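In order, the protein sequence lines correspond to chains V and E.
At position 171 of the first sequence the residue is numbered 176 (the numbering used here), and the sequence of numbers has no breaks.
At position 90 of the second sequence the residue is numbered 921 (the numbering used here), and the sequence of numbers has no breaks.
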Amino acid sequence: MTLARRIIPCLDVDAGRVVKGVEFTGLRDMGDPEELAARYNSEGADELILLDITASRDGRATFLETVSRVAQQLNIPFTAGGGIRHLEDGNSVLRAGADKVTVNTAAVARPELISELAAQFGSQAVVLSMDVKKTHAGWEVFVRGGAEASGRDAAAWAREGIARGAGEILLTSIDRDGTCSGFDCGLTAAIAAQVSVPVIASGGAKTFGDFLAVFGEGQADAALAASIFHTAEHSIEALKQYLAGRGVPVRLSR
Amino acid sequence: MKISIIDYGAGNLPSVERALRTLGAETECVTIPERIASASALVLPGVGHFSAFVTGLRERNLTVALRDAIAGGIPILGICVGLQAMFAFSAEAPGEKGLDLIHENVEALPANVKSPHIGWNQLRRLRESVLLREIPEDAYFYFAHSYAAAAGEPHTTAACDHGFAFAAVVEKDNLMAVQFHPEKSGEVGSRVLRNFLEWAQ
Chain V
6 MTLARRIIPC
16 LDVDAGRVVK
26 GVEFTGLRDM
36 GDPEELAARY
46 NSEGADELIL
56 LDITASRDGR
66 ATFLETVSRV
76 AQQLNIPFTA
86 GGGIRHLEDG
96 NSVLRAGADK
106 VTVNTAAVAR
116 PELISELAAQ
126 FGSQAVVLSM
136 DVKKTHAGWE
146 VFVRGGAEAS
156 GRDAAAWARE
166 GIARGAGEIL
176 LTSIDRDGTC
186 SGFDCGLTAA
196 IAAQVSVPVI
206 ASGGAKTFGD
216 FLAVFGEGQA
226 DAALAASIFH
236 TAEHSIEALK
246 QYLAGRGVPV
256 RLSR
Chain E
832 MKISIIDYGA
842 GNLPSVERAL
852 RTLGAETECV
862 TIPERIASAS
872 ALVLPGVGHF
882 SAFVTGLRER
892 NLTVALRDAI
902 AGGIPILGIC
912 VGLQAMFAFS
922 AEAPGEKGLD
932 LIHENVEALP
942 ANVKSPHIGW
952 NQLRRLRESV
962 LLREIPEDAY
972 FYFAHSYAAA
982 AGEPHTTAAC
992 DHGFAFAAVV
1002 EKDNLMAVQF
1012 HPEKSGEVGS
1022 RVLRNFLEWA
1032 Q
């Protein structure tokens, strides 16, 4: 009896469409969010994450509409975020049908946002998303979609976020994101060892072996990927069979 | 059959509603004590803080109605904090009283494991269970919680291990409750809800 390692497909959405970003710049249309969500739900995804990557205020209604439509397709946990700045933004996303909300840039600017969301909805509903890049100072948190250095150390920020009530850490390696060169296991293990909550590794997934590595040396509790699932390059079912065959506890459907 | 889902003001009801409707049940959200008393079956979904939960019930005058309904034999399914609320006290809110239908306490998960316990985990069957009928022994269920009740009390039909053995499924006459989220647990979760509906009929 073991807690399964989770495989989490991520949908980055812009104006109601799933898009793929390459190293935080440049976008390509990858399909319809509802269709992809339904596919992942039936393929054995353990959870789904939906991120509003435009996060412009005028796109807000469209995003909430997408959250609501995607939620109808799922009988697995559902996390949504992107551009969450106030308690009310989190409330809207959860009311639209998400189970958890992710915060990123606005939480760095105003860490109380995490405390407010956790007090209202519980820690299990608050995911602290952090985009991290290796700099001369070590692992540093970047904000605004990876464009701006925050001056915060990744591990210290993770610990502060948890102390304020974050229930999970979504850890994205900016260096690896969209590069298909594998998860940053060093970064993931460094953070996972220092925090008391589950860590979701993100950025760089390409091969089944990348997932095996991030659950092994990376000590991740969950691994997130987008493009490799969207293009149907890999099915989630096949990935899980591969991991199960190598001793990683995963939830196999039926 | 019609299922009355108790709305105490802070839960995420749509996914529970949708899961029950998919199985052919009619659902209504109830916010007043009279509707609890006249319900044919109840679901008590719960997320968030124990204190917000019991306060939400109390402020809507639902606490007494709920206790009476359960004492009167109306089938009820508690989910997550809805399970915890059936117990006497929770370490999450020491000043608040639970429904005390099971005279044990809810404790924090120990510090040697990751908390919240978030993700898919398996169960250990302890007794004959209505809710787990026809579900494979190795099935996974989705959990998201930081507190739990020890599995020692006699109405726990299945336990889960995370730091300690805790009550994952509780069945005491017409009172049923699960610590996991059946509405988020894929096909097996749907089967738990179906087992409840069939049994409540």
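Where is the CB? At the ideal position from N, CA and C, for every residue including glycine.
Quick caveat: nothing in here was measured; it's all calculated off a predicted structure.
Is the beta carbon of V:A228 less than 7 Å from the beta carbon of V:F213?
Between V:A228 and V:F213, the CB-CB gap reaches or exceeds 7 Å.
Which residues in chain V have a C-beta closer than 7 Å to the C-beta of E:E848? List them in chain order.
Near E:E848 there are no residues of chain V at all, since even the closest Cβ is about 11 Å away, more than 7 Å.
Which parts of the segment 113-161 of chain V are runs of the beta strand (DSSP E), unbroken and 3 residues or longer, counting only runs that do not cross its ends?
131-140, 143-148, 153-158
For chain E, find out if any of its Cβ atoms is closer than 7 Å to the Cβ of V:V253; answer yes or no.
no
Are the beta-carbon atoms belonging to E:A922 and E:E938 less than 7 Å from one another?
yes
So, are the CB atoms of V:E110 and V:R149 less than 7 Å apart?
Looking at the sequence itself, residue 110 of chain V is Thr, so the reference to Glu does not match. Against a cut-off of 7 Å, the Cβ pair of V:R149 and V:T110 comes out as a contact.
According to DSSP, is E:E965 part of a helix, a strand, or is it coil?
coil
Could you spell out the range, first to last residue, of the beta strand (DSSP E) harbouring E:Q953?
948-953
Using a C-beta cutoff of 7 Å, does E:N1026 count as contacting chain V?
no
CA-CA distance, V:A20 and V:A231?
18 Å
Please list the terminal residues of the continuous beta strand (DSSP E) segment that includes V:A198.
No beta strand (DSSP E) contains V:A198, which DSSP labels as neither H nor E.
In chain E, which residues lie less than 8 Å from V:S201 when you measure between Cβ atoms?
A942, K945, S946
Pull the bridge partners of E:F974 from the DSSP assignment, please.
E:G950
Where does V:T177 fall in DSSP's three states?
strand
As assigned by DSSP and simplified to three states, the class of V:A310
Outside the shown range of chain V (6 to 259) lies residue 310 of chain V, about which nothing can therefore be said.
How about V:G87: is its C-beta nearer than 7 Å to some C-beta of chain E?
no
Should V:L257 go down as buried or exposed, given a rule of 16 or more other Cβ atoms within 10 Å for buried?
It is exposed - the Cβ of V:L257 has fewer than 16 other Cβ atoms within 10 Å.
If contact means a Cβ-Cβ distance below 7 Å, which residues of the segment 916-931 of chain E contact chain B?
Here chain B cannot be found, since the structure's protein chains are V and E.
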